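**Student:** First the structure, then my questions, so here it is.
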Amino acid sequence: MIYFDNGATTFPKPNEVYDAIMTAMKDYGANPGRSGHKLAIRMGREIYETRELLAKLFNVDNPMNIIFTSNCTESLNLAIKGILNKGDHVITSSMEHNSVLRPLVSLEKEGVELTIVKANHMGKIEADEIAKYIKDNTKLIVITHVSNLTGTIMPIEEVGKIAKEKGIYFLVDAAQSAGVYDIDVKRMNIDMLAFPGHKGLLGPQGTGGLYIREGLSLKEIKQGGTGSFSHILEQPDIYPDRYETGTLNGPGIIGLGAGIKYILHRGIENIRKHEEELTKHFIEGLSKIDKVKIYGPLNEKEQGAVVSINIGDEDSSEISFILDERYNIEVRPGLHCAPLAHKTIGTFEQGVVRFSFGPFNTHDEIDMAINAIKEIAKEV
Ligand SMILES: Cc1ncc(COP(=O)(O)O)c(C=O)c1O
Numbered sequence: 023m024i025y026f027d028n029g030a031t032t033f034p035k036p037n038e039v040y041d042a043i044m045t046a047m048k049d050y051g052a053n054p055g056r057s058g059h060k061l062a063i064r065m066g067r068e069i070y071e072t073r074e075l076l077a078k079l080f081n082v083d084n085p086m087n088i089i090f091t092s093n094c095t096e097s098l099n100l101a102i103k104g105i106l107n108k109g110d111h112v113i114t115s116s117m118e119h120n121s122v123l124r125p126l127v128s129l130e131k132e133g134v135e136l137t138i139v140k141a142n143h144m145g146k147i148e149a150d151e152i153a154k155y156i157k158d159n160t161k162l163i164v165i166t167h168v169s170n171l172t173g174t175i176m177p178i179e180e181v182g183k184i185a186k187e188k189g190i191y192f193l194v195d196a197a198q199s200a201g202v203y204d205i206d207v208k209r210m211n212i213d214m215l216a217f218p219g220h221k222g223l224l225g226p227q228g229t230g231g232l233y234i235r236e237g238l239s240l241k242e243i244k245q246g247g248t249g250s251f252s253h254i255l256e257q258p259d260i261y262p263d264r265y266e267t268g269t270l271n272g273p274g275i276i277g278l279g280a281g282i283k284y285i286l287h288r289g290i291e292n293i294r295k296h297e298e299e300l301t302k303h304f305i306e307g308l309s310k311i312d313k314v315k316i317y318g319p320l321n322e323k324e325q326g327a328v329v330s331i332n333i334g335d336e337d338s339s340e341i342s343f344i345l346d347e348r349y350n351i352e353v354r355p356g357l358h359c360a361p362l363a364h365k366t367i368g369t370f371e372q373g374v375v376r377f378s379f380g381p382f383n384t385h386d387e388i389d390m391a392i393n394a395i396k397e398i399a400k401e402v
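The working numbering puts the sequence shown at residues 23 to 402.
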């Protein structure tokens with residue numbers, strides 16, 4: 023079986039991740055931050071280590087500014103709903119995932135003004151284009167770092183610069199980039215960084231996080247037990263407790279920590295280089311096949327390890343079904359929760375067949391996929 027659906031979630035994970043989760047569950051699976059006994063303290067300490075690893079990865083000074091969530095969607099909801107109020111204006115792009123667009127559209131109904139800047143046919147947005155839409159009441163710019171449809175890498179450093187100059191908050195959706203691309207929240211002027219734990223960071227599903235810049239106060243979207251300040255009925259306003267309500271996914275977070283350790287050990291630049299080479303190899307192979315249309319920048323330096331294609335006019339679900347049934351190649355067809363991105367590149371009706379690579383994919387697998395597509399293209 024060849025797994026090319028790493029954009030949805032990475033698989034497999036490093037063995038260290040499986041081991042860490044198993045040990046956390048079997049050896050010290052207590053509730054952190056609640057009781058004061060040895061097991062609870064150990065769980066709390068190991069969770070803190072993951073916070074520290076994330077802080078190191080994203081150049082965050084204080085690990086307590088990293089909030090654990092259950093996925094990138096929850097992180098984006100917390101950031102977007104925590105900061106925007108009626109009368110505020112927010113700018114985003116047409117390449118966003120529904121986890122950005124749906125919270126924004128729901129806030130639009132409550133009086134938040136929304137501008138969606140259209141990307142070009144390769145999914146690219148220029149920072150200057152975003153700047154054109156800034157108004158007096160613009161409070162937030164939110165964009166994805168890497169498109170989950172075309173892989174296009176967005177100019178987040180330039181957008182961050184503009185946001186800082188204009189005093190606008192900047193939220194980055196790092197769903198497709200965290201763990202593969204360098205992200206430095208200070209250099210890039212990122213005020214909030216939403217990331218999943220289960221994609222490039224190689225942790226298990228059910229993990230994610232949000233970095234919130236020191237001094238930035240968001241409304242919390244959940245209230246409840248935190249194990250701290252239990253004598254008061256309001257949500258405590260210390261970080262991360264204000265936003266981490268209820269029992270955390272301790273074993274998952276510890277597995278995420280093991281994923282990050284793996285990345286740091288292998289080297290984020292080595293992982294990126296490997297994925298760039300796979301992307302290049304795949305694009306080169308596909309461009310020789312008649313009937314295959316490839317979307318996006320078609321350049322591994324301008325895109326993440328995501329390559330979306332179609333074969334003739336064939337429905338993308340049909341192609342994915344054949345790849346799975348006949349060749350054991352696992353990909354994702356359809357709209358990828360990004361309807362406006364599909365409208366931007368003109369694939370809203372047909373969808374696309376998305377191949378997304380991870381650190382454990384190989385060049386042999388790429389060759390097998392190219393051959394499979396060659397055979398399918400002859401039939402349709
Ligand atoms: C660009 C982008 N943003 C957000 C998400 C949502 O991530 P999660 O599934 O962790 O909620 C995804 C998931 O594929 C994505 O690709």
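Ideal Cβ placement from N, Cα and C applies to all residues, glycine included. Computed from a predicted model, the values in this text were never measured in an experiment.
Below 8 Å, how does it come out for the stretch 79-93 and the stretch 248-259: are there three or more Cβ pairs, yes or no?
**Tutor:** Contact between the stretch 79-93 and the stretch 248-259 is absent, because fewer than three Cβ pairs lie under 8 Å.
**Student:** Indicate, with yes or no, if ligand 1 has a heavy atom lying under 7 Å from the CB of Gly29.
**Tutor:** Indexing the sequence shown from 1 puts residue 29 at position 7. Yes, Cβ of Gly29 sits closer than 7 Å to a heavy atom of ligand 1.
**Student:** Hey, out of Gly274, Leu240, Gly279, Ile351, whose CA is closest to Pro262's CA?
**Tutor:** If you number the sequence shown from 1, residue 262 lands on position 240. Out of Gly274, Leu240, Gly279, Ile351, Leu240 has the C-alpha closest to the C-alpha of Pro262.
**Student:** Look at the alpha carbon of Ser339 and the alpha carbon of Glu371, and state the distance between them as a whole number of angstroms.
**Tutor:** Walking along the sequence shown from the start, residue 339 turns up at place 317. Walking along the sequence shown from the start, residue 371 turns up at place 349. Looking at the two C-alpha atoms, the distance is approximately 12 Å.
**Student:** Which ranges would you report for the beta strand (DSSP E) in the stretch 154-207 if only whole runs of at least 3 residues count?
**Tutor:** 160-166, 191-195
**Student:** With Val122 as the anchor, note down where its alpha helix (DSSP H) starts and where it stops.
**Tutor:** Taking the sequence shown and counting its residues from 1, one reaches residue 122 at position 100. Here the alpha helix (DSSP H) through Val122 covers 120-130.
**Student:** Within 10 angstroms of the Cβ of Ile282, are there 16 or more other Cβ atoms? Answer buried if so, exposed if not.
**Tutor:** On the sequence shown, residue 282 is found 260 positions in, with the first residue counted as 1. Ile282 should be labelled buried.
**Student:** Flag Ser252 as yes when its Cβ comes closer than 7 Å to any non-hydrogen atom of ligand 1, and as no otherwise.
**Tutor:** Here residue 252 corresponds to residue number 230 of the sequence shown, with the count starting at 1. Flag unset: Cβ of Ser252 not near ligand 1.
**Student:** When every heavy atom of ligand 2 is checked, does at least one fall within less than 7 Å of the C-beta of Ala141?
**Tutor:** Annotation note on ligand 2: not contained in the displayed structure, which lists ligand 1 as its ligands.
**Student:** Can you tell me whether Asn383 is helix, strand or coil according to DSSP?
**Tutor:** As a first step, residue 383 must be located in the sequence shown, where it is residue number 361. Note: Asn383 maps to coil in three-state DSSP.
**Student:** So, helix, strand or coil for Phe33, using DSSP?
**Tutor:** Here residue 33 refers to the residue found at position 11 when the sequence shown is read from its first residue. Reduced to three states, the DSSP call for Phe33 is coil.
**Student:** Using only the alpha-carbon positions, how far apart do Gln245 and Asp259 sit?
**Tutor:** For the purposes of this step, residue 245 is identified with residue 223 of the sequence shown, where counting begins at 1. For the purposes of this step, residue 259 is identified with residue 237 of the sequence shown, where counting begins at 1. Inter-residue distance for Gln245 and Asp259 is about 11 Å (C-alpha atoms, whole angstroms).
**Student:** Using a 10 Å radius around the Cβ and a threshold of 16 neighbouring Cβ atoms, would you call His15 buried or exposed?
**Tutor:** As shown, the chain starts at 23 and ends at 402. That puts residue 15 outside it, with no answer to give.
**Student:** Nearest-angstrom Cα distance between Ala77 and Thr267?
**Tutor:** Numbered from 1 along the sequence shown, position 55 holds the residue referred to as residue 77. Numbered from 1 along the sequence shown, position 245 holds the residue referred to as residue 267. Computed Cα separation, rounded: 21 Å.
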